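Residue numbers (this note's numbering): 41 to 138. Working notes, structure below.
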């Protein structure tokens with residue numbers, strides 16, 4: 041039988057509180073980033089549909105510098121979102137297995 045180490049209650053409570061706060065913050069940030077991502081990809085699907093049906097992106101705003109900048113940043117943004125979601129999972133596992 042393996043011996044488990046004894047963790048003082050105050051230390052355990054502090055670790056649980058830290059893990060819960062970290063999980064809450066990263067989960068909220070991840071959710072906000074997912075909402076922005078969903079909105080962007082829905083708009084991108086709309087632009088693709090309009091261009092496919094009409095052959096012109098005149099009224100979609102696809103030629104605007106802001107849209108082009110967001111399109112250029114979307115790859116690194118998705119990578120940051122994936123890393124944040126991984127951190128969220130790790131904080132959650134730390135919280136439940138502490």
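Virtual Cβ for every residue (Gly too), placed ideally from N, Cα, C. Because the structure is a prediction, the values reported are computed rather than measured.
Taking residue i as the reference, which of the options has the closest Cα?
{"i": "residue 118", "options": "75, 102 and 130", "result": "75"}
{"i": "residue 113", "options": "87, 77, 82 and 90", "result": "77"}
What separation, rounded to the nearest whole angstrom, lies between the Cα atoms of residue i and residue j?
{"i": "residue 144", "j": "residue 131", "result": "An answer regarding residue 144 cannot be provided, because it is not within the stretch 41 to 138 covered by the chain."}
{"i": "residue 54", "j": "residue 83", "result": "44 Å"}
{"i": "residue 90", "j": "residue 110", "result": "19 Å"}
{"i": "residue 50", "j": "residue 129", "result": "25 Å"}
{"i": "residue 85", "j": "residue 45", "result": "54 Å"}
{"i": "residue 122", "j": "residue 105", "result": "26 Å"}
{"i": "residue 79", "j": "residue 58", "result": "32 Å"}
{"i": "residue 93", "j": "residue 137", "result": "53 Å"}
{"i": "residue 81", "j": "residue 95", "result": "20 Å"}
Cβ atoms of residue j and residue i: under 8 Å apart, would you say?
{"i": "residue 133", "j": "residue 66", "result": "no"}
{"i": "residue 72", "j": "residue 87", "result": "no"}
{"i": "residue 115", "j": "residue 107", "result": "no"}
Tell me which residues share the same chain as residue i and place their Cβ nearer than 7 Å to its Cβ, disregarding the 5 neighbours each side in the sequence.
{"i": "residue 127", "result": "66"}
{"i": "residue 103", "result": "97"}
{"i": "residue 135", "result": "56, 59, 60 and 63"}
Note down, in chain order, each residue of its chain lying with its Cβ closer than 6 Å to the Cβ of residue i, except the 5 sequence neighbours on either side.
{"i": "residue 62", "result": "131"}
{"i": "residue 120", "result": "none"}
With a CB to CB cut of under 8 Å and the five nearest residues on each side skipped, what residues in its chain are close to residue i?
{"i": "residue 69", "result": "124"}
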